[in-house]
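First to last, the sequence lines map onto chains A and B.
Everything in the first sequence is counted per this note's numbering, starting at 6 for the first residue and increasing by one.
Everything in the second sequence is counted per this note's numbering, starting at 53 for the first residue and increasing by one.
Glycine included, C-beta positions come from ideal geometry on N, C-alpha and C.
Have a look at the structure below before the remarks.
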Amino acid sequence: AQSVSQHNHHVILSEAASLELGCNYSYGGTVNLFWYVQYPGQHLQLLLKYFSGDPLVKGIKGFEAEFIKSKFSFNLRKPSVQWSDTAEYFCAVSSGAGSYQLTFGKGTKLSVIP
Amino acid sequence: NAGVTQTPKFRILKIGQSMTLQCTQDMNHNYMYWYRQDPGMGLKLIYYSVGAGITDKGEVPNGYNVSRSTTEDFPLRLELAAPSQTSVYFCASKDGGGAGSNQPQHFGDGTRLSIL
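Next up, the structure:
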């Protein structure tokens, strides 16, 4: 079974600092990769997704992620965080064609200090 | 366009009571899912459905039941509530047309359930 690891449980940054959240998955075949964000008290919203093509994916609100197949990684980045980025971030993976299930990581809570 | 709608938003149950969490989507999505979210544990799949009349177990189905009589509705039933079922429950749906597995899931606002 596939699994997803998010290495950081809680990250605390000051505004304008750069962000990188790690995500590694364990599945040897074709994967589809997602990052979701959950703002306090809200539901999960899609930040970005990768399923083929350019391994550098740009999402909403200035976020991007890079798929590195050799490292089984899909790290999320943002050059300069804002207080409004305070949220929990989830990496999720589905295996290739024919799979309709997502496996989620445990999440990384980001706190941005003004 | 409402998307995925869950009711109720909050509920407190006594041990042994039963209840149904409602989920409705208006996007004509084939695929629907129920997750539970516990602190520090991410989301765990309880049940999912690939279309009306078809349901299947996810990772943590024990203590729950589902049905899918229409495309729009996917209720989750707790028959005998237990404290271990205290959690936040999210319903999600996904478009399954074409290369279905790369479509994102759309989530509802969640139901916060406490069992006392």
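(Q) For a test of the three-state rule: what should DSSP assign to I65/A, helix, strand or coil? (A) Locating residue 65/A in the first sequence gives position 60, where the first residue counts as 1. Helix at I65/A.
Q | I98/B versus F62/B: straight-line alpha-carbon distance, rounded | A | Here residue 98/B is taken as the residue at index 46 of the second sequence, counted from 1. Here residue 62/B is taken as the residue at index 10 of the second sequence, counted from 1. Our two residues, I98/B and F62/B, have alpha carbons roughly 19 Å apart in a direct line.
Q: Quick one: using the 10 Å Cβ neighbour count with 16 as the cut-off for buried, is S81/B buried or exposed?
A: By 1-based counting over the second sequence, the position of residue 81/B is 29. Looking at the sequence shown, residue 81/B is not Ser but His. Buried: at least 16 other Cβ atoms inside 10 Å.
Q. What residues from chain A crowd round D161/B, counting only those whose CB sits closer than 8 Å?
A. Your numbering for residue 161/B matches position 109 in the second sequence. Going along chain A in sequence order, the residues near D161/B (Cβ under 8 Å) are Q47, H48.
Q: Give, in chain order, every residue of the segment 110-141 of chain B whose Cβ lies closer than 9 Å to some Cβ of chain A.
A: G110, E111
Q: Could you say if the segment 111-129 of chain B and the segment 55-63 of chain A meet the contact criterion of at least three C-beta pairs nearer than 8 Å?
A: no
Q. Do G64/A and L52/A come within 8 Å of each other at the CB atom, strictly closer than that value?
A. In the first sequence, residue 52/A corresponds to position 47, counting from 1. In the first sequence, residue 64/A corresponds to position 59, counting from 1. For L52/A and G64/A, yes; Cβs fall inside 8 Å.
Q | CA-to-CA distance, Q11/A to Y55/A, given in whole angstroms | A | Position 50 of the first sequence holds residue 55/A. Position 6 of the first sequence holds residue 11/A. Using only the alpha carbons, I get a separation of about 17 Å.
Q.
Let me check understanding here. Comparing Cα to Cα, which of P119/A, L115/A, Y105/A, A97/A lies closest to S8/A?
A. Position 3 of the first sequence, counted from the first residue, corresponds to residue 8/A. Nearest neighbour of S8/A by Cα position, chosen from P119/A, L115/A, Y105/A, A97/A, turns out to be A97/A.
Q: Give every residue of the same chain whose Cβ lies closer than 8 Å to the Cβ of F66/B, excluding the five residues on either side of it in the sequence, and list them in chain order.
A: Taking the second sequence and counting its residues from 1, one reaches residue 66/B at position 14. Here residue 66/B is Lys; the residue named in the question, Phe, does not match the sequence. Excluding positions up to five away in sequence, the list reads A133, I167, L168.
Q: Please name the residue or residues paired with L4/A in a DSSP beta bridge.
A: Any question about residue 4/A goes unanswered here, given that chain A covers just 6 to 119.
Q | Bridge partners - A70/A, DSSP secondary structure assignment | A | Counted from its first residue, the first sequence places residue 70/A at position 65. Answer is V62/A, L81/A, bridged to A70/A.
Q) Tell me, which residues are paired with Q137/B by DSSP? A) If you number the second sequence from 1, residue 137/B lands on position 85. In the DSSP output, where bridge partners are listed per residue, Q137/B has none listed.
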